[in-house]
Ligand SMILES: Cc1cc2nc3c(=O)[nH]c(=O)nc-3n(C[C@H](O)[C@H](O)[C@H](O)COP(=O)(O)OP(=O)(O)OC[C@H]3O[C@@H](n4cnc5c(N)ncnc54)[C@H](O)[C@@H]3O)c2cc1C
Ligand code: FES
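Protein chains in written order, with this note's numbering: chain F, 2 to 252; chain V, 2 to 647.
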């Protein structure tokens, strides 16, 4: 792998606010180190913009380790960019080539209103969680942790679903802007644990209804969400969600 | 060693309950004043921060009936920095029947902290640890399990017992999502009002008591007032004062620092943990450091070339020309020496010119022998996800080439001073989680920060807050009080001041410069001359900042660089205090090595006679040095021993 700096052409989405029209802005950077992360490349661009007294580009980020779910960039048309199972903050410039042109856009979905440039409002996810993504348990009321044994494969499956980082790539990549993978992951996690059983039906209905209310679209099995998910949540979450929902409304 | 003389006698009470250590917490709970359930809903409580400490506190207090307002700077409560914790959480369950107990967990934690924490606080932490695991399992946290369905444990960070509970390499994520789900339920029920992307900018103190906060909305810049009967600060650690650290980019000291400026003591600010196994810096552009779990040292061997400046590819360096320095210096612990010892030795070999990689600031962590011994698939099963992460970041395959690692700032044991009730010296201001100083002394054991955050939020504050509210029957104030006017005006003025400097240098450039001073002079090893230099350099840098920083944009929009400008301004004040604190502590202890205090073999030398104390600093005014107050630590149950890993 080369350590030579690369020249990268960027087309970055700029939008002052929800009411103003957005546009692509062109930038060329000729000092991109291949070992930089994608966000470090944007940091550097922002430093250069500020040195020229221009407004930096706004984007969300925090952990830069692929776990907090803050970063949310559509890179070359793909949520989180071209590398499989990798959040934008974990993507490195060595995955691109000298002279490449890269487009950067925000998550686009009706339920994720624009804030500024690449920053959107994902609070709809919090409201879906609040509708039912929990087990009602009072602090201090819990029985001994080993009182209910859980078969290892069930616990592992619950963990597979629980690793969702809530970034919204599933929505951004879905032609219908559906939040089914996100919602299904939580419903499925709790459906595989005995702790989730008492509120199982209520949860499925409440979360699915909230998802619709927020303006997310339906799932028509495009499976783009699974491909875009940086932590590899399986599409089986959506099948499980449907099953849980049907069982709940039919009973 | 010279004894510090220039400090004031301690005038605050740590409120440690009387009686035997093992009974203090239960007897305290029995004696605590209770708030009538019907009265709880008349009380407003502010919780700043929604990490493990804040989310657990907000949910538990809402359940008790208080009206809670919770704040965080991210776009969702679920994204607090706690989400990134990897390794696990300790508890004294003794599920493995290996002889664990509350006493042992207490003893290991206080010893690990090098005897610089209060016995009573640490004992309580160990005592409630078991309830935490019960609580989390009940919430649906999918901890790792054995085939028989019971919970699995591992030994972590050099502990001799298997007491760490974990959820793959994402324990922090799962614990936080558990607490966040309880918080979400409380939001749904209307007992918690959640304010995301809303940053606390100041504490409002009326008649000496904490009565509210001033916030800035990070989307539209609006400044708001919030009055309450008590304020809980759960705002995390300040490792980012070093610029590069394993902390999330938005972690900061601003809320705690503003409280300090309103009268809260800042305790042991220099106590910082430097983690030995992080991916090294690859260039100037580096924005943060990534931790590689410490468990890697169970199978990886740490080495550097014997010869200085040996630039050969690691696989071409023959066995006899490698120095497995940890195994050589510490034959009985070898690669498993505690974090501070591993970190300092890595620094030493790099200082000798034997560091590896392009920068010379790295050592090898080599799995060649483990792969030969156990086979690649066994190693992959244990560490696969870490190897994958390493490859993603560095582009190198650790199955074939040794990993390069280097120490990085990871955690801050220092923080706002609190008493046994987790209340600061400002009545009504409570401090929980990493933001307080209380439980980890001069060094934190692995898997104990998650435990502390949740202990504080789920099991301590629900009692001690009630005691304050019932006891002091706080007088109601409203947001039109002149103290709110004044605090709000100060925040507005500061926003304008920062935006109007319109200087030449970016905020990041200042932060980087500060970080370099801190790392070089207030880092793993410090000496008097370096600390004095650091103090004057930081003070000069701070002055320059306010004359020459460039803050872009305006206040009334989303403006991340404006947020950042405040945080760096506060780091520039904190950094100086950390250097002064380190200067006054003329001993080596915990994660902190003072060059002037070492044994003839070059190991850390603690000075219990003079420094078994908490250093608590009181703010005295802008650009004036803080005053030092010293709380004596009393050890009645453990015997202070020098650590030895040889
Ligand atoms: C990479 C990494 C791995 C770790 N692994 C482990 C581990 O395995 N085991 C372990 O025990 N510990 C571990 N730790 C340490 C542990 O994660 C932290 O100490 C702990 O999570 C801190 O929790 P907290 O609730 O105190 O604060 P945080 O989780 O940092 O939360 C702070 C909260 O405060 C809010 N906030 C901050 N400032 C403001 C403001 N001005 N206004 C409003 N809100 C504000 C933030 O939005 C956030 O919600 C690890 C740390 C790191 C960096
Ligand atoms: S910044 Fe946290 S997931 Fe990307």
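Using N, Cα and C, we set each Cβ at its ideal position, and we do this for glycine too. All figures in this text were calculated on a predicted structure; none of them were measured in a lab.
- Cβ-Cβ separation, residue 238 of chain F to residue 135 of chain F (assumed contact under 8 Å), whole Å: Residue 135 of chain F to residue 238 of chain F, Cβ: 17 Å. No contact.
- Task: Would you mind stating whether residue 83 of chain V and residue 53 of chain V have Cβ atoms separated by less than 7 Å?
- Result: In this structure, residue 83 of chain V places its C-beta atom within 7 Å of the C-beta atom of residue 53 of chain V.
- Query: Closer than 6 Å: is that where the CB of residue 253 of chain F sits relative to any heavy atom of ligand 1?
  - Reply: As displayed, chain F neither begins before 2 nor continues past 252, which places residue 253 of chain F out of reach and without an answer.
- Message: Within 10 Å of its beta-carbon, does residue 537 of chain V have 16 or more other beta-carbons around it, so buried, or fewer, so exposed?
- Response: exposed
- Query: Does the beta-carbon distance from residue 440 of chain V to residue 139 of chain V come in below 7 Å?
  - Reply: no
- Determine the extent of the beta strand (DSSP E) in which residue 193 of chain F is found, giving its start and end residues. Careful: residue 193 of chain F lies outside any beta strand (DSSP E) and carries neither H nor E.
- Task: For residue 55 of chain V, I'd like the list of residues in its chain whose CB is within less than 6 Å of its CB, leaving aside the five on either flank, ordered along the chain.
- Result: 48, 235
- Task: Within its chain, find whatever has a CB closer than 6 Å to the CB of residue 153 of chain V; leave out the 5 residues flanking it on each side and keep chain order.
- Result: 145, 146, 147
- Message: Going by DSSP in three states, residue 49 of chain F sits in which element: helix, strand or coil?
- Response: helix
- Task: Just the chain F side, please: which residues come within less than 7 Å of residue 291 of chain V by C-beta, in chain order?
- Result: 66
- Distance, residue 224 of chain V Cα to residue 217 of chain V Cα: 4 Å
- Query: Should residue 139 of chain F go down as buried or exposed, given a rule of 16 or more other Cβ atoms within 10 Å for buried?
  - Reply: exposed
- Item | Straight-line gap, residue 51 of chain V to residue 319 of chain V (C-alpha atoms, nearest Å) | 51 Å
- Spell out the partners DSSP gives residue 194 of chain V in its beta bridges. Beta-bridge pairing links residue 194 of chain V to V/70.
- Query: Since residue 35 of chain F sits in a beta bridge, which residues does DSSP pair it with?
  - Reply: Per DSSP, none; premise fails for residue 35 of chain F.
- Task: Please name the residues in the region 16-50 of chain V whose beta-carbon is closer than 9 Å to at least one beta-carbon of chain F, in chain order.
- Result: none
- Message: Could you check whether the Cβ of residue 82 of chain F sits closer than 7 Å to any Cβ belonging to chain V?
- Response: no
- residue 219 of chain F: buried (16+ other C-beta within 10 angstroms of its C-beta) or exposed? exposed
- Task: Report the partner residues of residue 413 of chain V according to the DSSP bridge assignment.
- Result: V/273
- Query: Is the number of C-beta pairs between the region 427-436 of chain V and the region 465-477 of chain V that are closer than 8 Å three or more?
  - Reply: yes
- Message: Just to confirm my understanding: we take residue 484 of chain V, look at its own chain, exclude 5 residues before and 5 after, and list those with CB closer than 6 Å. What are they?
- Response: 205, 207
- With DSSP collapsed to three states, give me the class of residue 380 of chain V. helix
- Task: Can you give me the start and stop residues for the beta strand (DSSP E) that residue 525 of chain V sits inside?
- Result: Residue 525 of chain V -> no beta strand (DSSP E), and no H or E assigned at all.
- Are the C-beta of residue 155 of chain V and some C-beta of chain F separated by less than 7 Å? no
- Message: Taking 7 Å as the threshold (beta carbon to beta carbon), is residue 231 of chain F in contact with chain V?
- Response: no
- Message: Within 10 Å of its beta-carbon, does residue 164 of chain F have 16 or more other beta-carbons around it, so buried, or fewer, so exposed?
- Response: With 16 or more Cβ atoms within 10 Å of its Cβ, residue 164 of chain F is classed as buried.
- Item | Residues near residue 97 of chain V in its chain [Cβ-Cβ closer than 8 Å; skip 5 each side] | 154, 162, 163, 164
- Item | Neighbour flag for residue 307 of chain V against chain F, beta carbons, 7 Å | no
- Message: Our contact map puts residue 81 of chain F next to residue 71 of chain F with C-beta atoms below 8 Å; I'd like the distance itself, whole angstroms only.
- Response: Incorrect: roughly 12 Å between the Cβ atoms, too far for contact.
- Is the region 442-450 of chain V touching the region 411-426 of chain V in the sense that three or more CB pairs, one from each, lie closer than 8 Å? yes
- Message: Going by C-alpha to C-alpha distance, which of V/453, V/471, V/617 sits closest to residue 106 of chain V?
- Response: V/453
- Query: Quick one: Cα of residue 584 of chain V to Cα of residue 529 of chain V, how far?
  - Reply: 6 Å
- Message: Tell me which residues share the same chain as residue 503 of chain V and place their Cβ nearer than 6 Å to its Cβ, disregarding the 5 neighbours each side in the sequence.
- Response: none
- Three-state secondary structure (DSSP) of residue 352 of chain V: helix
- Task: Could you please give me the residues that DSSP links to residue 10 of chain V through a beta bridge?
- Result: V/631
- Item | Rounded separation between residue 121 of chain V and residue 127 of chain V - CA only | One C-alpha to the other measures close to 10 Å.
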